[in-house]
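Chemist: In the UniProt record's numbering, the protein residues as written are 1 to 445. Glycine is no exception: its CB is placed at the ideal position from the N, C-alpha and C atoms.
And the structure:
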């Protein structure tokens with residue numbers, strides 16, 4: 001009986017000790033400034049964002065970042081616009097590249113440049129090409145974050161087995177045609193040489209790499225776009241290149257959209273497709289999906305013309321201007337945290353998106369990745385070699401999604417036999433009409 005009472009008193013004593021500690025922990029957590037972070041990442045990206053929040057929260061005791069998944073990019077943009085100015089809006093949010101102009105003109109965020117200037121943040125450590133996409137008038141609007149570039153993938157093991165010389169790291173259209181034709185011929189048609197998805201983003205890259213502007217006013221960087229040009233020497237040559245491969249039977253068309261991407265990747269991993277062009281964000285999936293050696297080159301360029309460089313894709317981080325100053329400051333601290341060399345290296349290794357901090361390339365986690373898969377370094381090398389200009393810094397225009405739908409349709413028509421001039425003229429007229437309507441609706445002059 002005596003032992004039983006001793007245990008009871010011991011338990012009570014421990015409870016009296018634990019309760020204040022628990023209350024203290026709750027009070028400490030409650031005293032932190034909450035930073036709600038809206039994002040659109042799933043899979044490895046979502047897992048890594050949760051890890052970033054966990055590490056940031058543990059690194060200091062003033063702020064508590066709460067990551068929340070808000071659906072697709074399009075869904076999230078609408079939620080951001082509809083909740084702005086209410087208690088439901090986020091402190092920091094992720095938004096896709098094509099919504100940059102829309103959010104900028106909606107005045108829902110504090111320009112990132114304000115925080116950069118206040119803290120003398122060394123923005124030069126971040127890729128200039130990525131920064132240029134999310135800048136206007138020399139000022140940083142938002143911070144580039146999950147960033148990809150289009151690259152060309154090829155099955156290096158298939159080329160070796162068939163005795164085909166690999167393409168150069170900076171290939172022309174003719175370089176790729178040579179390899180695609182050899183793949184089809186030497187495999188006796190069992191392996192298709194090449195595919196290029198009907199995708200507006202890729203169409204834009206053909207223009208960027210040809211040093212051409214899709215919209216006037218230098219792709220909207222010096223004024224509101226009022227006219228677009230889709231039928232250019234660069235797009236003509238790109239579409240003629242694709243058509244030449246279709247005519248020779250070395251090309252396979254998987255169509256457009258998510259299903260097309262899934263099909264081309266499945267065919268590539270199964271050894272039935274030798275070459276395709278797509279986002280660098282697929283590297284992790286491709287490396288994990290095959291035992292064959294993966295080859296990667298820069299985006300192909302016009303014959304006899306140097307590459308101007310391609311634009312980025314992905315999304316950036318914004319800080320809501322409807323939040324108190326202390327909340328915005330906490331959001332900025334988190335942005336700085338995820339843009340550090342270490343965090344960006346972790347981000348690339350986990351997701352395949354490119355590390356934007358220049359010092360990330362020396363981080364052990366990326367060095368280990370490159371030692372195992374040398375080709376994985378090619379997209380970062382492509383990004384680093386590009387000199388930012390208005391042709392490769394993205395189109396700063398509302399209605400880019402509509403542009404991509406129209407150019408995607410034009411590509412499909414061209415692939416199926418419609419004359420290039422006719423298909424591009426139809427798309428160009430449709431887009432110019434849409435631009436005029438948008439400008440009237442927004443009272444742009």
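Quick check: the Cα distance between residue 340 and residue 360, rounded to an integer number of angstroms?
Modeler: Taking the first residue of the chain shown as 1, we reach residue 340 at position 340. Taking the first residue of the chain shown as 1, we reach residue 360 at position 360. Roughly 8 Å separates the two Cα atoms.
Chemist: So, is residue 158 buried or exposed, given that buried needs 16 or more other C-beta atoms within 10 angstroms?
Modeler: To locate residue 158, count along the chain shown from 1; it is residue 158. Classification for residue 158: buried.
Chemist: Please report the distance separating the alpha-carbon of residue 439 from that of residue 213.
Modeler: Stepping through the chain shown from its first residue, residue 439 is reached at position 439. Stepping through the chain shown from its first residue, residue 213 is reached at position 213. Taking the straight line from one Cα to the other gives about 19 Å.
Chemist: Count the other CB atoms, across all protein chains shown, that sit within 10 Å of the CB of residue 106; report buried if there are 16 or more and exposed otherwise.
Modeler: Here residue 106 refers to the residue found at position 106 when the chain shown is read from its first residue. By the neighbour-count rule (16 or more Cβ atoms within 10 Å), residue 106 is not buried but exposed.
Chemist: Given a threshold of 16 other Cβ atoms within 10 Å of its Cβ, counted over all protein chains shown, does residue 100 qualify as buried or as exposed?
Modeler: To locate residue 100, count along the chain shown from 1; it is residue 100. The residue in question, residue 100, is buried, as its Cβ has 16 or more Cβ neighbours within 10 Å.
Chemist: Would you identify the three-state DSSP class for residue 438, choosing helix, strand or coil?
Modeler: Taking the chain shown and counting its residues from 1, the one referred to as residue 438 is at position 438. It is helical.
Chemist: Taking C-beta to C-beta, are residue 151 and residue 280 nearer than 9 Å?
Modeler: As a working note, residue 151 is residue 151 in the chain shown. As a working note, residue 280 is residue 280 in the chain shown. Yes, the Cβ-Cβ distance between residue 151 and residue 280 is below 9 Å.
Chemist: Just how far apart, CA to CA, sit residue 306 and residue 231?
Modeler: Position 306 of the chain shown, counted from the first residue, corresponds to residue 306. Position 231 of the chain shown, counted from the first residue, corresponds to residue 231. Near 20 Å, if we compare the C-alpha coordinates of residue 231 and residue 306.
Chemist: In the DSSP output, what is residue 451 paired with across the bridge?
Modeler: With the chain covering 1 to 445 only, the question about residue 451 has no answer from this structure.
Chemist: Hey, which unbroken runs of the alpha helix (DSSP H) at 4 residues or more fall wholly within the segment 78-142?
Modeler: 100-106, 112-119, 128-133
Chemist: Which word fits residue 392, buried or exposed, when buried means at least 16 other C-beta atoms lie within 10 angstroms of its C-beta?
Modeler: As a position in the chain shown, residue 392 is number 392, starting the count at 1. When all chains shown are included, residue 392 counts as buried.
Chemist: Does any CB atom of chain B fall closer than 9 Å to the CB of residue 214?
Modeler: Of the protein chains in the structure, only one exists, and it is not chain B.
Chemist: So, with DSSP's three-state summary, where would you put residue 185?
Modeler: Here residue 185 refers to the residue found at position 185 of the chain shown. Here residue 185 sits in helix by DSSP.
Chemist: Taking the CB atoms as reference points, tell me whether residue 317 and residue 149 lie closer together than 9 Å.
Modeler: Position 317 of the chain shown, counted from the start, is the residue given in the question as residue 317. Position 149 of the chain shown, counted from the start, is the residue given in the question as residue 149. Cβ atoms of residue 317 and residue 149: not closer than 9 Å.
Chemist: How about residue 276 and residue 169: are their beta carbons less than 9 Å apart?
Modeler: For the purposes of this step, residue 276 is taken as the residue at position 276 of the chain shown. For the purposes of this step, residue 169 is taken as the residue at position 169 of the chain shown. Cβ atoms of residue 276 and residue 169: not closer than 9 Å.
Chemist: Does the beta-carbon distance from residue 422 to residue 408 come in below 9 Å?
Modeler: As a working note, residue 422 is residue 422 in the chain shown. As a working note, residue 408 is residue 408 in the chain shown. Cβ atoms of residue 422 and residue 408: not closer than 9 Å.
Chemist: With residue 130 and residue 312 assumed to form a contact (beta carbons below 8 Å), what rounded beta-carbon distance in angstroms separates them?
Modeler: As a position in the chain shown, residue 130 is number 130, starting the count at 1. As a position in the chain shown, residue 312 is number 312, starting the count at 1. The Cβ separation is near 5 Å, so the contact holds.
Chemist: Looking only at its own chain, which residues have a Cβ that is under 7 Å from the Cβ of residue 401, when we skip the five neighbours before and after it?
Modeler: Sequence index remark: in the chain shown, residue 401 carries index 401 (1-based). Only 98 meet the Cβ criterion.
Chemist: Go to residue 354, then tell me how far its alpha helix (DSSP H) extends in each direction, as first and last residue.
Modeler: As a working mapping, residue 354 is identified with position 354 in the chain shown. Residue 354 -> no alpha helix (DSSP H), and no H or E assigned at all.
Chemist: If you draw a straight line from the C-alpha of residue 163 to the C-alpha of residue 199, how long is it?
Modeler: Within the chain shown, residue 163 is the residue found at index 163, counting from 1. Within the chain shown, residue 199 is the residue found at index 199, counting from 1. Taking the straight line joining both Cα atoms gives about 32 Å.
Chemist: Go through the segment 171-256 residue by residue and report every complete run of the alpha helix (DSSP H) that reaches 4 residues or more, in order.
Modeler: 173-186, 200-209, 216-220, 233-248
Chemist: Between which two residues does the beta strand (DSSP E) holding residue 275 run?
Modeler: Reading the chain shown from its first residue, position 275 is the one you call residue 275. Residue 275 -> beta strand (DSSP E) spans 273-279.
Chemist: Tell me the rounded alpha-carbon separation between residue 95 and residue 186.
Modeler: Translated into the one-based positions of the chain shown, residue 95 becomes position 95. Translated into the one-based positions of the chain shown, residue 186 becomes position 186. If I take the Cα positions, the gap works out to 45 Å.
Chemist: Note the first and the last residue of the continuous alpha helix (DSSP H) segment covering residue 150.
Modeler: Along the chain shown, one-based indexing puts residue 150 at 150. Per DSSP, residue 150 belongs to no alpha helix (DSSP H); it is in the beta strand (DSSP E), 150-155.
Chemist: Less than 9 Å between the beta carbons of residue 246 and residue 415, yes or no?
Modeler: As a first step, residue 246 must be located in the chain shown, where it is residue number 246. As a first step, residue 415 must be located in the chain shown, where it is residue number 415. Yes, Cβ-Cβ distance for residue 246 and residue 415 is below 9 Å.
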